[in-house]
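Colleague:
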Amino acid sequence: MKLTPANRAALITLSSDFGPGSHFVGVMHGVISVLAPVTRIIDLCHTIRPHDRRQAGRLMAANYRYFPAGSIHVVVVDPGVGSQRRIILLKTSGHYFLAPDNGIISLIATDTPKSLVWSVKRPDLYLTPLSRTFHGRDVFAPLAAHLALGESPETMGRRLEPGELAQLKPARPLLDYELKQISGTVIDVDHFGNIITNISRETVNNFFVDSAITIDIGGRQLRGLASYYDEVTPGSVVVLFNSGELLEIAVNRGRACDFLQIKADDRVIVSEMG
Amino acid sequence: MKLTPANRAALITLSSDFGPGSHFVGVMHGVISVLAPVTRIIDLCHTIRPHDRRQAGRLMAANYRYFPAGSIHVVVVDPGVGSQRRIILLKTSGHYFLAPDNGIISLIATDTPKSLVWSVKRPDLYLTPLSRTFHGRDVFAPLAAHLALGESPETMGRRLEPGELAQLKPARPLLDYELKQISGTVIDVDHFGNIITNISRETVNNFFVDSAITIDIGGRQLRGLASYYDEVTPGSVVVLFNSGELLEIAVNRGRACDFLQIKADDRVIVSEMG
Amino acid sequence: MKLTPANRAALITLSSDFGPGSHFVGVMHGVISVLAPVTRIIDLCHTIRPHDRRQAGRLMAANYRYFPAGSIHVVVVDPGVGSQRRIILLKTSGHYFLAPDNGIISLIATDTPKSLVWSVKRPDLYLTPLSRTFHGRDVFAPLAAHLALGESPETMGRRLEPGELAQLKPARPLLDYELKQISGTVIDVDHFGNIITNISRETVNNFFVDSAITIDIGGRQLRGLASYYDEVTPGSVVVLFNSGELLEIAVNRGRACDFLQIKADDRVIVSEMG
Numbered sequence: 000m001k002l003t004p005a006n007r008a009a010l011i012t013l014s015s016d017f018g019p020g021s022h023f024v025g026v027m028h029g030v031i032s033v034l035a036p037v038t039r040i041i042d043l044c045h046t047i048r049p050h051d052r053r054q055a056g057r058l059m060a061a062n063y064r065y066f067p068a069g070s071i072h073v074v075v076v077d078p079g080v081g082s083q084r085r086i087i088l089l090k091t092s093g094h095y096f097l098a099p100d101n102g103i104i105s106l107i108a109t110d111t112p113k114s115l116v117w118s119v120k121r122p123d124l125y126l127t128p129l130s131r132t133f134h135g136r137d138v139f140a141p142l143a144a145h146l147a148l149g150e151s152p153e154t155m156g157r158r159l160e161p162g163e164l165a166q167l168k169p170a171r172p173l174l175d176y177e178l179k180q181i182s183g184t185v186i187d188v189d190h191f192g193n194i195i196t197n198i199s200r201e202t203v204n205n206f207f208v209d210s211a212i213t214i215d216i217g218g219r220q221l222r223g224l225a226s227y228y229d230e231v232t233p234g235s236v237v238v239l240f241n242s243g244e245l246l247e248i249a250v251n252r253g254r255a256c257d258f259l260q261i262k263a264d265d266r267v268i269v270s271e272m273g
Numbered sequence: 000m001k002l003t004p005a006n007r008a009a010l011i012t013l014s015s016d017f018g019p020g021s022h023f024v025g026v027m028h029g030v031i032s033v034l035a036p037v038t039r040i041i042d043l044c045h046t047i048r049p050h051d052r053r054q055a056g057r058l059m060a061a062n063y064r065y066f067p068a069g070s071i072h073v074v075v076v077d078p079g080v081g082s083q084r085r086i087i088l089l090k091t092s093g094h095y096f097l098a099p100d101n102g103i104i105s106l107i108a109t110d111t112p113k114s115l116v117w118s119v120k121r122p123d124l125y126l127t128p129l130s131r132t133f134h135g136r137d138v139f140a141p142l143a144a145h146l147a148l149g150e151s152p153e154t155m156g157r158r159l160e161p162g163e164l165a166q167l168k169p170a171r172p173l174l175d176y177e178l179k180q181i182s183g184t185v186i187d188v189d190h191f192g193n194i195i196t197n198i199s200r201e202t203v204n205n206f207f208v209d210s211a212i213t214i215d216i217g218g219r220q221l222r223g224l225a226s227y228y229d230e231v232t233p234g235s236v237v238v239l240f241n242s243g244e245l246l247e248i249a250v251n252r253g254r255a256c257d258f259l260q261i262k263a264d265d266r267v268i269v270s271e272m273g
Numbered sequence: 000m001k002l003t004p005a006n007r008a009a010l011i012t013l014s015s016d017f018g019p020g021s022h023f024v025g026v027m028h029g030v031i032s033v034l035a036p037v038t039r040i041i042d043l044c045h046t047i048r049p050h051d052r053r054q055a056g057r058l059m060a061a062n063y064r065y066f067p068a069g070s071i072h073v074v075v076v077d078p079g080v081g082s083q084r085r086i087i088l089l090k091t092s093g094h095y096f097l098a099p100d101n102g103i104i105s106l107i108a109t110d111t112p113k114s115l116v117w118s119v120k121r122p123d124l125y126l127t128p129l130s131r132t133f134h135g136r137d138v139f140a141p142l143a144a145h146l147a148l149g150e151s152p153e154t155m156g157r158r159l160e161p162g163e164l165a166q167l168k169p170a171r172p173l174l175d176y177e178l179k180q181i182s183g184t185v186i187d188v189d190h191f192g193n194i195i196t197n198i199s200r201e202t203v204n205n206f207f208v209d210s211a212i213t214i215d216i217g218g219r220q221l222r223g224l225a226s227y228y229d230e231v232t233p234g235s236v237v238v239l240f241n242s243g244e245l246l247e248i249a250v251n252r253g254r255a256c257d258f259l260q261i262k263a264d265d266r267v268i269v270s271e272m273g
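Protein chains in written order, with numbering that gives the first Met the number 0: chain W, 0 to 273; chain H, 0 to 273; chain R, 0 to 273.
(1) Quick check on the DSSP output: what are the complete alpha helix (DSSP H) runs of length 4 or more inside the stretch 42 to 73 of chain R, in order along the chain?
(2) Counting only beta-carbon atoms, is aspartate 264 of chain R nearer than 8 Å to chain H?
(3) Starting from the beta carbon of histidine 50 of chain H, find every residue of chain W whose beta carbon is closer than 7 Å, and list them in chain order.
(4) Do serine 15 of chain R and isoleucine 41 of chain R come within 8 Å of each other at the CB atom, strictly closer than that value?
(5) Quick one, are the C-beta atoms of valine 119 of chain R and leucine 89 of chain R less than 8 Å apart?
(6) On the premise that phenylalanine 207 of chain H lies in contact with glutamate 271 of chain H, defined as a C-beta separation below 8 Å, what is that separation, rounded to the nearest angstrom?
(7) For alanine 144 of chain R, which residues from the same chain have a beta carbon less than 6 Å from its beta carbon, with the 5 sequence-adjacent residues on both sides left out?
(8) What are the residues that DSSP puts in a beta bridge with tyrosine 95 of chain R?
(9) Identify, in the order they occur along the chain, each residue of the same chain with its Cβ nearer than 6 Å to the Cβ of glutamine 260 of chain H, setting aside the five sequence neighbours on each side.
(10) Pull up the distance between the alpha-carbon of glutamate 160 of chain H and that of leucine 58 of chain H, whole angstroms please.
(11) My output table needs one value for glutamate 247 of chain R: the three-state DSSP class, helix, strand or coil.
(12) Within a Cβ cutoff of 8 Å, which residues of the same chain sit near glycine 273 of chain H, ignoring the five residues on either side of it in sequence?
(13) Decide if the stretch 76 to 85 of chain W is in contact with the stretch 100 to 108 of chain W; the criterion is three or more beta carbon pairs, one per stretch, under 8 Å apart.
(14) For aspartate 209 of chain W, is the classification buried or exposed, using 16 other Cβ atoms within 10 angstroms of its Cβ as the cut-off for buried?
(15) List the residues that DSSP assigns as beta-bridge partners of phenylalanine 23 of chain R.
(16) Taking 8 Å as the CB-CB limit, is histidine 28 of chain W close to chain R?
(17) Could you say which of H:Ala9, H:Leu224, H:Phe23 lies nearest to glycine 336 of chain H if we only look at CA atoms?
(18) Leaving out five residues before and five after alanine 140 of chain H in sequence, what residues of the same chain have Cβ atoms less than 7 Å from its Cβ?
(19) Return the CA-CA distance between serine 242 of chain R and leucine 115 of chain R, expressed in angstroms with no decimal places.
(20) Check the Cβ-Cβ distances between threonine 184 of chain H and every residue of chain W, and say whether any is below 8 Å.
(21) In whole angstroms, what separates the C-alpha of leucine 148 of chain W from that of alanine 147 of chain H?
(22) Give the interface partners of aspartate 229 of chain R over in chain W, defined as CB-CB distance under 9 Å, in chain order.
(23) Report the three-state DSSP secondary structure of isoleucine 194 of chain H (helix, strand or coil).
(24) From arginine 171 of chain W to valine 238 of chain W, what does the alpha carbon distance come to, in whole angstroms?
(25) State the Cα-Cα distance for the pair arginine 7 of chain R and isoleucine 198 of chain H, rounded to the nearest angstrom.
(26) Check whether the Cβ of histidine 22 of chain W lies closer than 8 Å to any Cβ atom in chain H.
(27) Serine 226 of chain W to isoleucine 107 of chain W, Cα distance in whole Å?
(28) Spell out whether any CB of chain H is found under 8 Å from the CB atom of isoleucine 214 of chain W.
(29) Would alanine 255 of chain H pass as a contact of glycine 192 of chain H if the rule is Cβ separation under 8 Å?
(30) Name the two residues that bound the continuous alpha helix (DSSP H) containing phenylalanine 240 of chain H.
(31) Does isoleucine 186 of chain H come out as helix, strand or coil in the three-state DSSP assignment?
(32) Residues in the stretch 116 to 150 of chain R with C-beta within 8 Å of chain H's C-beta atoms, listed in sequence order?
(33) Please list, in chain order, the chain H residues whose beta carbon lies closer than 7 Å to that of tyrosine 176 of chain W.
(34) Out of H:Leu124, H:His94, H:Arg131, state which residue places its alpha-carbon closest to the alpha-carbon of isoleucine 113 of chain H.
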């Protein structure tokens, strides 16, 4: 079935690099519940690697559609907190995003020409005294609460062209048409030790059409694709496209990152099976 | 006082091996809040060891009674995700459980003859495209949401006999009547470093009646039982029955697992004090 | 803007040393949702170091004001669980606190003469059977739920004078007027590896007035204060007052604790710049 929202009541999601169980997260819940007491708050993700804006952008781009239209997604991965960096409000596909202008927003809004972007400036809403190290509490939480209460995005600041946003290029794989191979990188190792690459199903399908493929990673050559983890015996390596449609290398009931000695930013090559 | 529910409003609990703060958990909250916006969602536990179905089953069996009758408990510890393994809906003691058919349910339903069990098949409710690696999002969350909205369990699939469920035997301790000892195992080391065994208060009381006992673990012999941690001086080892009525070895304000060099699956022997 | 609550609906916050994602936390949510189904529950912090009552007290004192007036803050850092230690209910500045009488409350109530304190004794409300190792579930959760439902604090037990509370002295820095230096300690290393000290902005400002300062930590001498992390180049050390108004040593986009080889309880000296 299609995910069709049953209503449009305001909902705020929080994502950050604060770590799970952190009081930084708890206090943001507190501030929102003071200002907008009936607003629902969901913790989307708090295990983003510290300061990793790419991971934050990818996460939001991949997952916001699983929340109700009208949701306000707050993303606090903000190494520039307290500097002159802008605060951005993005509206795209019926969702709102609040994040610092450090490239995160550019990874969400890339392909959506109808996106609206504002440079937020509402010091009247910020908590006082305004800290220069915790804008999650003093800036983002009150802004999100006021949006949830129904304040118009237009009152939040001046409109920007998407091109005025700080840009982060997504870490796209290289397509080598001479060598007939895709050269990608490991973008994440998840809680299960699964190795996530930046190579999408679409990229592989377009490049190799119907050919079988071989994956080179960590000095090993892995042949062929599976559809799910348990298709191989426990302890064996399995390659598949995961729930984010990205090429993933796993060990059934094991930890691929340990088995293959792989970490983020390592290289992975996909080629036609010989 | 007895825990008597004040109402029967739908409540969904989520438990998994996804790890705390994971976006896998956040996205499940999202899907449920799209489909069943007023349903309360509680994270029961997300620190289950990856793929550990026994720990998941024990956790649910021990703790569901602390939630309102009518609660829908979703348990996503699912190494077989995407395979032909069934999805099970269990109703027992007024609570509902959704889990893959991998033995978890058998550990919850063991002693309750009036349990009802369904093999769920409702592809009309699953998210599309249906991934083969994240059924928490695509299958379990929508099923739970529809149950919370009031759909009858009978519409969810065909009834099974409890005997048709995939079975996991609980790791019971061995009772040796000749040697007059109970031979158990360490089933968990908790966040405090406390060592949890599979030996229950009831087992000890039935076997030794009123005799004092000795515990052998990690090459040490521990004599006698306490009632609470602070009964011994800080830094000392203490043996007691914990809040789950299981024999536990702790160090007051310390980490017993480090002090005794113990890990999950290690052996523990209880015998009459000499 | 000032944080002014929009209403006074009951809200319960939970803080503990149980660790994020723990079923100990999930079960407390469960018990409260059975007894007080419409009460909102926020996890304030579950990463308090095991048994660290000072950290718990500091955390609550610093952060409760970011929650609605009338909130009930439950703090379960309770190495004495099951002993004869008292349960305390504190009312201060319009907020309620429930915690064991182990010094946590003394760190919150120190400077507020109008605080009211009760020694709670309501066994009729505790869950039965009453465990001696998990009062979060059996004692604190039901007490908080009944307060949320509107039971008067006066019915919870007898009044105490604040002086009757178990005391913990805050770890204050030493002011050496001869050497003209402040001698403090590292009280925390946070998720980012930032080093938090017990030296407040107020202390520094009062002691050094307008003089520039030097910070000695881990064999290094750091000169001058910044206002925010990104004021220095990535990878450089930066000293500032953080969002809790405490002196903090950080590395911009790095981990100061690793860079400087610092851990909790290490020493830090602030002196006038030479």
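All residues carry an ideal CB built from backbone N, CA and C; glycine is no exception.
Modeller: In short, the structure shows the following:
(1) If we require 4 residues or more, the alpha helix (DSSP H) runs fully inside the stretch 42 to 73 of chain R come out as 52 to 62.
(2) Aspartate 264 of chain R is outside the set of residues whose beta carbon lies under 8 Å from a beta carbon in chain H.
(3) Arg252
(4) no
(5) In this structure, valine 119 of chain R lies away from leucine 89 of chain R, with their beta-carbon atoms at least 8 Å apart.
(6) Your pair glutamate 271 of chain H and phenylalanine 207 of chain H checks out as a contact, with CB atoms roughly 6 Å apart and the cut at 8 Å.
(7) Ile31, Leu34, Ala35
(8) Looking at the DSSP output, tyrosine 95 of chain R sits in a beta bridge with R:Ile71, R:Lys90.
(9) Gly217
(10) 23 Å
(11) strand
(12) Thr213
(13) Yes, the stretch 76 to 85 of chain W touches the stretch 100 to 108 of chain W.
(14) Counting Cβ neighbours within 10 Å, aspartate 209 of chain W comes out exposed, since fewer than 16 surround it.
(15) Bridge partners of phenylalanine 23 of chain R: none, in fact.
(16) yes
(17) The structure shown does not extend to residue 336 of chain H, since chain H spans only 0 to 273, so no value can be given for it.
(18) Met27, Val30, Ile31
(19) 28 Å
(20) no
(21) Straight-line measurement puts the Cα of alanine 147 of chain H at about 27 Å from the Cα of leucine 148 of chain W.
(22) Pro78, Gly79, Val80, Gly81, Ser82, Arg84
(23) strand
(24) About 19 Å.
(25) Reliability fails at arginine 7 of chain R, whose pLDDT of 43 lies under 50, so the model's placement of it is uncertain and no value is given.
(26) No, because no Cβ of chain H sits closer than 8 Å to the Cβ of histidine 22 of chain W.
(27) 28 Å
(28) no
(29) yes
(30) Phenylalanine 240 of chain H -> not in any alpha helix (DSSP H); beta strand (DSSP E) instead, spanning 236 to 240.
(31) strand
(32) Asp123, Leu124, Tyr125, Leu126, Thr127, Ser130, Arg131, Thr132, Phe133, Arg136, Asp137, Pro141
(33) Residues of chain H passing the Cβ test: none, with the nearest at roughly 29 Å.
(34) Checking the displayed sequence, the identity of residue 113 of chain H turns out to be lysine instead of isoleucine. Looking at the Cα atoms, H:His94 is the closest of the given residues.
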